[in-house]
Structure formats: C-alpha cells, structure tokens
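Each residue of the sequence shown is one higher than the last, beginning at 39 in my numbering. No residue lacks a Cβ here, since even glycine has one placed at the ideal position from N, Cα and C. What you are looking at is a predicted structure, and each value in this text was computed from that prediction instead of being measured. Shown next, in structure tokens, is the structure this report addresses.
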Amino acid sequence: MYKVYGDIQSGNCYKIKLLMSYLEIEHEWLHIDILAGETHSDEFKKLNPNMRIPVLVLDDGSKLTESNAILNYLAEGTALLPADRFLRAQVLQWQFFEQYSHEPFIATARYINKYLGLPAERLAEYEGKQAGGHKALLLMEQQLDKADFLVGDVLTIADISLYAYTHVAHEGGFDIEAYAAIGKWIKRIEQQANYFAMNS
Ligand SMILES: N[C@@H](CCC(=O)N[C@@H](CS)C(=O)NCC(=O)O)C(=O)O
Numbered sequence: 039m040y041k042v043y044g045d046i047q048s049g050n051c052y053k054i055k056l057l058m059s060y061l062e063i064e065h066e067w068l069h070i071d072i073l074a075g076e077t078h079s080d081e082f083k084k085l086n087p088n089m090r091i092p093v094l095v096l097d098d099g100s101k102l103t104e105s106n107a108i109l110n111y112l113a114e115g116t117a118l119l120p121a122d123r124f125l126r127a128q129v130l131q132w133q134f135f136e137q138y139s140h141e142p143f144i145a146t147a148r149y150i151n152k153y154l155g156l157p158a159e160r161l162a163e164y165e166g167k168q169a170g171g172h173k174a175l176l177l178m179e180q181q182l183d184k185a186d187f188l189v190g191d192v193l194t195i196a197d198i199s200l201y202a203y204t205h206v207a208h209e210g211g212f213d214i215e216a217y218a219a220i221g222k223w224i225k226r227i228e229q230q231a232n233y234f235a236m237n238s
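If you want it as structure tokens, here you go:
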C-alpha cells in the first residue's frame, strides 16, 4: 500500500489526498508537523533531502516528492490525466503556473496568516504577496469564464493542483467572492464523486 507523508492542511499535501480519494487509491497517511520541525529530522531527510512534504512511498520503497509529480504518477492511465499529447502538456502548463505564479503568493500569504498568526515582522511580506496572488486568480478567472475546467471539458489533475490553495485563498487574505467563474469551478470540483474536503 502507498504511504503518504504530509499535512492535510497544506495544499501541496491535500492535492494528493484529494486525488487519492477521487481515484479510491488505498493508502496510509502519516502526519508530519512542519511547525515542530519534523521535516528537518535526520529520519525525514532520508525520505526527502529537500526537507519538504508531501512524500509518496511506493511498495518497493521508492520515494517520490514534488506534489505535482506525485499527481502525474498516480493519475497515469486515468481520466484525470488526458492521453492526448497536447492536453497533457496543457495540464503541465497549469501545474507549472501553479508552482511559479500562484503558490508562492497565495500559499505563502496563507502560511504567514494561518500558520504563523500574521506576526508583525512578516506583515510587509504578507502584503507584498497580494498583488501577485490576484494576478494569478485573474488569469484563472479568464480561463474558467470560457470553460468548465482548466483543460478541456473535464476534471484533470490541473484542476486538483490549482483547487488546493485557491479554495482556501481567503485564509491568505484573498477575497474569492470577486471571482465568479472561480466560485462556480470550486463548486463543480466539490460536487464530483468521492470529493474529500480539507477539513474532513
Ligand atoms: N514544490 C513542493 C513544495 C513543497 C512544500 O513547500 N512543502 C511545505 C509544506 S506546504 C513544507 O514541507 N515545508 C517544510 C519546511 O519548509 O520546513 C511541492 O509541490 O511538493
């Protein structure tokens, strides 16, 4: 059985949980407390020398890190990862966008606010993340105004990657109500069979 090391409240880890739930993939979830420094232990460094969650461990002991790489591995051969070459590249396009243009703003603002309690010494950094986060949300809004999902007409792992931090963006100070198409897309994702809520 797969083992996943993660924290369900971390969007990068929650992506894996959500995909595994949609696909009904059996797994053991092992909670890692990042605030307690558990990703920096010698034991954890053997799992991921980059000291980050999530980590997927296969039956033969092979380890995979980087949330979007894990999603691609697990979704292979399913409807959540298109077989068509161009559509697959579009999935990757959105996943790279998520890691470079979305997560560094929205997830970091949320981390500073929700995990750290918005300490005064990080207030300027938190405020500095707002413009970049809104730029990413606007780009998603424009795409989702034209289509039900980010790639093609069906749910893919591109949606799962971006849903993870977008649906809790308010915890980073982003007013999601201002984005009507994103709001409808969030509901669409939550209505899929076997949806698993972050706060389950
Ligand atoms: N690009 C990585 C990012 C992983 C990441 O930043 N994980 C955070 C939690 S969301 C972490 O483990 N932080 C621990 C630390 O920085 O000490 C991915 O997508 O998996």
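Simplified DSSP assignment, three categories, for residue i
i    : result
L102 : strand
E64  : coil
H205 : coil
Residue i CB to nearest heavy atom of ligand 1 below 8 Å
i    : result
R90  : yes
D45  : yes
G221 : no
T204 : no
H208 : no
E104 : yes
E141 : yes
G49  : yes
A169 : no
Q131 : no
I150 : no
H78  : yes
A145 : yes
I72  : yes
Q137 : yes
Identity of the residue in the options nearest residue i by Cα
i    : options               : result
G44  : D80, I108, G170, D97  : I108
L73  : L94, G155, L118       : G155
G171 : R148, G115, N86, L161 : R148
R226 : A127, D191, L96       : D191
V42  : I63, L94, G210, T204  : L94
T103 : V206, A127, I54, L125 : I54
Y217 : E228, F234, K173      : K173
L125 : E62, L193, K222, L200 : L193
E179 : S199, Q168, T204      : T204
M89  : D71, A231, D97, L96   : D71
H69  : M58, H78, I46         : I46
Nearest-angstrom beta carbon gap, residue j and residue i [assumed within contact, 8 Å]
i    : j    : result
V129 : P120 : 7 Å
Y40  : L118 : Their Cβ separation, rounded to whole angstroms, is 16 Å, which puts Y40 and L118 out of contact at 8 Å.
S105 : P92  : 6 Å
D197 : F212 : Wrong, their Cβ atoms sit about 18 Å apart, outside the cutoff.
Residue span of the beta strand (DSSP E) that contains residue i, given as start and end
i   : result
K41 : 40 to 44
V95 : 93 to 95
The alpha helix (DSSP H) enclosing residue i, as first and last residue numbers
i    : result
P142 : 141 to 148
H78  : Counting along the chain, H78 falls outside any alpha helix (DSSP H), and DSSP gives it neither H nor E.
E215 : Looking at the DSSP string, E215 is not in any alpha helix (DSSP H), and its letter there is neither H nor E.
Y164 : 161 to 166
R126 : 123 to 135
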